[in-house]
């Protein structure tokens, strides 16, 4: 069974690409603020119970911050890819339109 196709709005792709890029930048900024706040709040843990807590806390914190930085980067990539996709759809549509017009010019009896 043949598909019914799909509709693509290149302007929406490009706009939403910008939204993802902005989201990635905001998430990166929030991650940097969180990292700075955690570094400020942390002090020498020592060898007592608090120091033992640091042995568990620090690897979890580092993993979380790495994951957050990665997510910010991936959101930015998604945004850029959506913008490129929108631009490519526009170019493809323009090329197809020009091809149809050129073909029609060769056949004066065809109207469209």
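Residue numbers (full-length UniProt numbering): 1 to 112.
Heads up, the beta-carbon is just placed ideally off N, CA and C, and yes, glycines get one too.
Boundaries of the alpha helix (DSSP H) harbouring residue 33: 10-41, taken from the DSSP string. Each residue's CA atom was taken as its position, placing residue 58 and residue 64 some 10 angstroms apart.
For residue 40, the number of other beta carbons within 10 angstroms of its own is below 16, and it is reported as exposed.
Distance between residue 33 and residue 25, taken at the CA atoms: about 12 angstroms.
Here residue 82 is buried, its C-beta having at least 16 other C-beta atoms within 10 Å.
By alpha-carbon distance to residue 71, the top candidate from 3, 5, 6, 31 is 31.
Only residues of its own chain outside the window of five on either side were considered, and among them 75, 78, 79, 82 have a CB closer than 7 angstroms to the CB of residue 20, listed in chain order. Out of 5, 13, 6, the CA that lies nearest to the CA of residue 87 is found in 13.
The Cβ atoms of residue 28 and residue 67 lie no closer than 9 angstroms to each other.
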